[in-house]
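Below is one structure, written out as structure tokens, with a few remarks after it.
Protein chains: 2
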Amino acid sequence: MGDTDPPSGTAPDPGSEHATDEALKALAEPRRRAILRLVAHEELPAGRIAEEFEVSRTAVSQHLGVLKSAGLLHERRDGTRRLYRARPEGLVGLQSFLDQMWAGSLDTARRLVEAERGISDDDQSASAG
Amino acid sequence: MGDTDPPSGTAPDPGSEHATDEALKALAEPRRRAILRLVAHEELPAGRIAEEFEVSRTAVSQHLGVLKSAGLLHERRDGTRRLYRARPEGLVGLQSFLDQMWAGSLDTARRLVEAERGISDDDQSASAG
DNA sequence: CGCTAACGGAAGCATCTGCTAACGTTCGCG
DNA sequence: CGCGAACGTTAGCAGATGCTTCCGTTAGCG
Numbered sequence: 001m002g003d004t005d006p007p008s009g010t011a012p013d014p015g016s017e018h019a020t021d022e023a024l025k026a027l028a029e030p031r032r033r034a035i036l037r038l039v040a041h042e043e044l045p046a047g048r049i050a051e052e053f054e055v056s057r058t059a060v061s062q063h064l065g066v067l068k069s070a071g072l073l074h075e076r077r078d079g080t081r082r083l084y085r086a087r088p089e090g091l092v093g094l095q096s097f098l099d100q101m102w103a104g105s106l107d108t109a110r111r112l113v114e115a116e117r118g119i120s121d122d123d124q125s126a127s128a129g
Numbered sequence: 001m002g003d004t005d006p007p008s009g010t011a012p013d014p015g016s017e018h019a020t021d022e023a024l025k026a027l028a029e030p031r032r033r034a035i036l037r038l039v040a041h042e043e044l045p046a047g048r049i050a051e052e053f054e055v056s057r058t059a060v061s062q063h064l065g066v067l068k069s070a071g072l073l074h075e076r077r078d079g080t081r082r083l084y085r086a087r088p089e090g091l092v093g094l095q096s097f098l099d100q101m102w103a104g105s106l107d108t109a110r111r112l113v114e115a116e117r118g119i120s121d122d123d124q125s126a127s128a129g
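Protein chains in written order, with UniProt numbering: chain A, 1 to 129; chain B, 1 to 129.
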């Protein structure tokens, strides 16, 4: 039972590689992004969310499950209803991932552009600063 | 068929919904993320990139095509070789997307949490912030 | 208890996606 | 021109994914 998944299949540790993977895969679906946009500004029940789309409620429910499993959604029970709202914490992993990637690639791009200017007179020393 | 796709199959307008979709789908693949990390710090030829993985060069080539089509990669020809490097511009769309989503969901979360505090307490004040 | 409402879950299907294998193309060299 | 190197492209296959239909569960109500 001592698996590396204490909270039992729901939202891995934020900042982890697995968390980023889950969140990215969840956001890769347009419908899922639309759902997330809907509950980003207000808490809504599953049925209410499903009405906004042409697909069946079951499909939306599955999307909600994926989003919740990725840590991007917060679920709250209210009688037979289940209220959902976006979870800002689930996005911090992606934020840091993009930030890191952006910094690295931007640095490389700058270096390459500067190298182009002095192609015939380029010093290839690894002066990583 | 004059569709809304002037630049024909290579890196749509940054900031567009389609661009975000392409970039997100491209980043949803772990291998693709690894490739992007590799070329984030230095420019590398396709064959050199392929050597870093267990899969065939063809698979990596296809991944490179997807990344390039998503605007996340920059290709440069050098004889028979093709040098690739990460494109920071391709990430700005995701950055704004995440930022927008973050702001909205954070605002909602804050509102919900504050509402929880005054559940038993009838707080009917119009302090809508 | 019986009924309805609001959901999630499982099975089945159509489609997408990533991988491999074989082939074609472009470039450099002698 | 002939040859090899470096890549991209196409066809085909196995696994993942999203959607639908049917069914089970839980909560409120008379």
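Glycine included, every Cβ here is placed at the ideal spot set by N, Cα and C.
Cβ-based burial, E22/A [other Cβ within 10 Å; buried from 16]: Taking all protein chains in view, the Cβ of E22/A is crowded by 16 or more other Cβ atoms within 10 Å, so the residue is classified as buried.
Residues near E52/A in its chain [Cβ-Cβ closer than 7 Å; skip 5 each side]: Sequence-distant Cβ neighbours of E52/A in its own chain, meaning closer than 7 Å and more than five residues away, are L38.
DSSP state of R34/A mapped onto helix, strand, coil: Here residue 34/A is Ala; the residue named in the question, Arg, does not match the sequence. DSSP places A34/A in helix when its eight states are reduced to three.
E43/B: contacting residues in chain A (beta-carbon distance under 8 Å): Close partners of E43/B in chain A (Cβ separation under 8 Å): T108 and L112.
Per DSSP, cross-strand counterpart(s) of D78/B: DSSP, once it has assigned bridges, lists R81/B as partnering D78/B.
First and last residue of the uninterrupted alpha helix (DSSP H) at E43/A: Bounds of any alpha helix (DSSP H) do not take in E43/A, whose DSSP letter is neither H nor E.
Distance, L27/A Cα to S105/A Cα: Roughly 22 Å separates the two Cα atoms.
Supposed contact pair R87/B and G71/B - C-beta distance, whole angstroms, cut 8 Å: Contact between G71/B and R87/B holds, with the beta-carbon distance rounding to 6 Å and staying under 8 Å.
Residue-level contact to chain A via CB, A70/B, 8 Å cutoff: Closer than 8 Å: no.
Inter-residue Cα distance where the pair is A34/B and R81/A: Taken atom to atom, the span from the alpha-carbon of A34/B to that of R81/A is near 41 Å.
Span of the alpha helix (DSSP H) around D21/A: In this chain, the alpha helix (DSSP H) harbouring D21/A covers E17 to L27.
Beta-carbon contacts of L36/A that lie in its chain and below 7 Å, excluding the five residues immediately before and after: Taking L36/A as the centre and dropping the five residues before and after it, the same chain places the C-beta of L67, L72 and A86 closer than 7 Å to its C-beta, in chain order.
First and last residue of the uninterrupted alpha helix (DSSP H) at S69/A: Looking at the DSSP string, the run of the alpha helix (DSSP H) that includes S69/A is R57 to S69.
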